[in-house]
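Using the numbering used here, the letters of the sequence shown map in sequence onto residues 14 to 487. C-beta atoms are modelled at their ideal positions from N, C-alpha and C, and glycine is treated no differently. Here is the structure we will look at, set down as structure tokens.
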Amino acid sequence: MRIPLHPRQSHAYTSGATEILYGGAAGGGKSYYLRASAIRWALSAPGCQIYLFRKTQPELKANHLRGPSSFLELLGPSIARGLVRYSETAAEFTFANGSVVHLCHLQRDGDLHKYQGAEIHVLLMDELTHFTAHQYRFLRSRVRLGGHDLPAGLEGVLPRIECASNPGSVGHQWVKAGFVTPVPERTVWKAPADEGGMHRQYLPARIADNPTLTGNDPGYLRRLKGLATPELVRAMKDGDWDIVAGQAFEMWQRERHVIDPFPIPPAWTRFRAMDWGSSKPFSVGWWAVADGTTAGVPPGALVRYREWYGWNGKPDTGLRITSEELAEGILKRERPDESIAYSVADPAIFGSHDGPSVAERMARHGLAFKRAVNDRAAGFQEMRSRLTGMDGRPMLVVFSGCTDGFLRTVPNLVLDTHNPEDVDTTQEDHAYDEARYACMSRPWVASPSRVASRERDRWNRAFTGPATDNWRTI
Ligand SMILES: Nc1ncnc2c1ncn2[C@@H]1O[C@H](COP(=O)(O)OP(=O)(O)OP(=O)(O)O)[C@@H](O)[C@H]1O
Ligand SMILES: [Mg+2]
14 MRIPLHPRQS HAYTSGATEI LYGGAAGGGK SYYLRASAIR WALSAPGCQI YLFRKTQPEL
74 KANHLRGPSS FLELLGPSIA RGLVRYSETA AEFTFANGSV VHLCHLQRDG DLHKYQGAEI
134 HVLLMDELTH FTAHQYRFLR SRVRLGGHDL PAGLEGVLPR IECASNPGSV GHQWVKAGFV
194 TPVPERTVWK APADEGGMHR QYLPARIADN PTLTGNDPGY LRRLKGLATP ELVRAMKDGD
254 WDIVAGQAFE MWQRERHVID PFPIPPAWTR FRAMDWGSSK PFSVGWWAVA DGTTAGVPPG
314 ALVRYREWYG WNGKPDTGLR ITSEELAEGI LKRERPDESI AYSVADPAIF GSHDGPSVAE
374 RMARHGLAFK RAVNDRAAGF QEMRSRLTGM DGRPMLVVFS GCTDGFLRTV PNLVLDTHNP
434 EDVDTTQEDH AYDEARYACM SRPWVASPSR VASRERDRWN RAFTGPATDN WRTI
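Set out below in structure tokens:
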């Protein structure tokens, strides 16, 4: 079976590394390369178990099972001759020599258990940045030879991992940090033991490296240039990893934004913010407004000093507790002398469909919320401004213990590809929404129109002091 490769693909094909990222520009021939590689290893190592992952099943099918260079086309003649069997239900190609190419998708961490017992000889990850570091690490831990006998010449070559990816998306930062930045491109280096200890290599793929595309479809480059933002064009056209690549909060830096807990001085204003959820997680954040008396935290900065993130340990899955339990849980987490100036929550909790609203039920338990300002674009900008801060000092910092909600989810959020003024709301964005409400309750710069339009309903009047128009107002 002959599968033609372009020169850059051949470099990857013959590389001596065992953990490769073939990455960069859109259309650089990455997915094709992974298919070619799957077939190559299946043929050259009898009994080889090859797992090819893509995040979702529709993407897997569209990318690898349809079109002129799909698996079905490349393997068509062998399937016709009975040398390869394709099972659509199992999503597997079984070769006469016992090798199997498993086509897999992995959308949620909850699906990882399916691969708990797997013995993966060759792991192929398409669009690696669509996966989280946790998912990748788990799958990498399944990469082992077990009792598999290798043909002569393949010792040290298998087991192996080959990944393909464009920059951007949820995994941009960890993929860049793990593969792209540590050493110059193409260099093979040994990853640290706690990072798998394999021989790692980053091989850039550019559009120019794929003559099939540039020859057959010269308009492709023009279409890429029409992408939403110049950053996205650079990421997709040039495979540039030094871009913010769709990260919603590219100014986020752990060293600057995460601080060790300290006792909040009693004089600081404290407030709560909440994004309610039941089957989805809720997020409750306790915030304090710095008054400039604590070193390193500028006056007016928001300090997230505590959180209660209502998830059951599985991403984006809520606790399904009652409003009463939620109210009690919030109060239980506070010290008796903790004085909270006000609480804001998503407007949805004020809706009453059948009986008292969530807000009313929580109020009966001593927790009164006012309606948060839910202007998504303005809230996004407020949060970005605060994270950027002034003179290199952020105006929003987070205690290092806020790991369930904020620190796990907010730094990973990516932009909505259709609307650069908002995050992609299909992600786990509850801690972000809650933080956005917190920011909007003390906007960065007072805009008269925004302040005037801010709703002052009966909750506001009853439970808050004078409206706070500016973070400079402590
Ligand atoms: N060596 C090759 N021989 C023939 N066709 C090829 C070869 N390499 C790539 N192609 C074709 O070029 C097109 C783009 O390649 P591919 O889909 O692999 O790119 P990609 O880098 O994965 O793109 P994306 O960034 O969009 O995922 C596809 O139609 C693919 O079949
Ligand atoms: Mg691809």
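Identify whether T194 lies in helix, strand or coil by the three-state DSSP scheme.
coil
Tell me whether R474 sits in a helix, a strand or coil according to DSSP, three-state version.
Only weak support exists for where R474 lies, its pLDDT of 34 falling under 50; the value from the coordinates is given anyway. In the structure shown, R474 sits in a helix (DSSP, three-state: H, G or I).
Report the rounded CA-to-CA distance for E175 versus A218, giving the unit in angstroms.
14 Å
P195 versus V113: straight-line alpha-carbon distance, rounded
34 Å
Label M403 either buried or exposed according to how many other C-beta atoms from any shown protein chain fall within 10 Å of its C-beta, with 16 as the threshold for buried.
exposed
Under the DSSP definition of a beta bridge, which residues are partnered with D429?
In the DSSP output, where bridge partners are listed per residue, D429 has N432.
What residue from Q394, M211, A103 and T145 has the CA that sits closest to D435's CA?
Residue Q394 is the option with its Cα nearest to D435.
Taking contact to mean 3 or more Cβ pairs, one atom from each stretch, closer than 8 Å, check whether the stretch 53 to 72 and the stretch 212 to 232 are in contact.
no
Within this structure, are the beta carbons of H212 and E351 separated by less than 8 Å?
no
Would you identify the three-state DSSP class for L400, choosing helix, strand or coil?
For L400, the secondary structure class from DSSP, reduced to helix, strand or coil, is helix.
Let me confirm a value: P461 is counted as buried when at least 16 other C-beta atoms fall within 10 Å, else exposed. Which label applies?
Low local confidence applies: a pLDDT of 35 at P461 is under 50, so the model's placement there is unreliable, and no value is given.
What residues match up with T107 in a beta bridge as DSSP calls it?
R98 and V113
My understanding is that V271 touches V411, with C-beta atoms under 8 Å, so please give their C-beta distance in whole angstroms.
Indeed they touch by this definition, with Cβ atoms about 5 Å apart.
Kindly identify the DSSP beta-bridge partner or partners of F66.
F66 is bridged to C117 and M138.
For the beta strand (DSSP E) containing F284, list its first residue and its last residue.
T282 to D288
Identify whether A465 lies in helix, strand or coil by the three-state DSSP scheme.
Caution is warranted here: a pLDDT of 34 is assigned to A465, below 50, making its placement in the model unreliable, and no coordinate value can be reported.
Using a Cβ-based criterion (distance less than 7 Å to any ligand heavy atom), does S292 qualify as near ligand 2?
Not so, every heavy atom of ligand 2 lies at least 7 Å from the Cβ.
Buried or exposed for M14, going by 16 or more other Cβ atoms inside 10 Å?
exposed
Cα-Cα separation, G29 to A165
15 Å
Starting from the N-terminal end, write out each residue whose C-beta falls within a distance shorter than 7 Å of any non-hydrogen atom of ligand 4.
With respect to small molecules bound, the structure shown includes ligand 1 and ligand 2 and not ligand 4.
Cβ atoms of L18 and Y26: under 8 Å apart, would you say?
In this structure, L18 lies closer than 8 Å to Y26 by Cβ.
Distance between Y322 and D417 (C-alpha atoms, nearest Å)
6 Å
Please state whether DSSP places C415 in a helix, a strand or coil.
coil
What's the C-alpha gap between G331 and D122?
15 Å
Own chain partners of A390 with C-beta closer than 7 Å, once the 5 adjacent residues on each side are dropped
E434 and D435
How many angstroms separate the CA atom of E268 from the CA atom of R48?
40 Å
For my contact list, G405 and C452 are in at a C-beta cut-off of 8 Å; report their separation, rounded to the angstrom.
Actually they are not in contact, since the Cβ atoms of G405 and C452 sit about 19 Å apart, beyond 8 Å.
Taking its Cβ as the centre, do 16 or more other Cβ atoms sit within 10 Å of Q22, making it buried, or is it exposed?
Classification for Q22: buried.
Going straight from the alpha carbon of G414 to that of A38, what length do you get?
38 Å
Determine the direct distance from the alpha carbon of A361 to that of W299, and round the result to whole angstroms.
So the two alpha carbons sit approximately 20 Å from each other.
Residues near H143 in its chain [Cβ-Cβ closer than 6 Å; skip 5 each side]
K68 and S182
What is the DSSP secondary structure of K293, counted as helix, strand or coil?
In this structure, K293 counts as coil in the three-state DSSP scheme.
Measuring only from the beta carbon, is P17 closer than 7 Å to any heavy atom that is part of ligand 1?
yes
What number of angstroms, rounded off, separates the C-alpha of R346 from the C-alpha of A280?
20 Å
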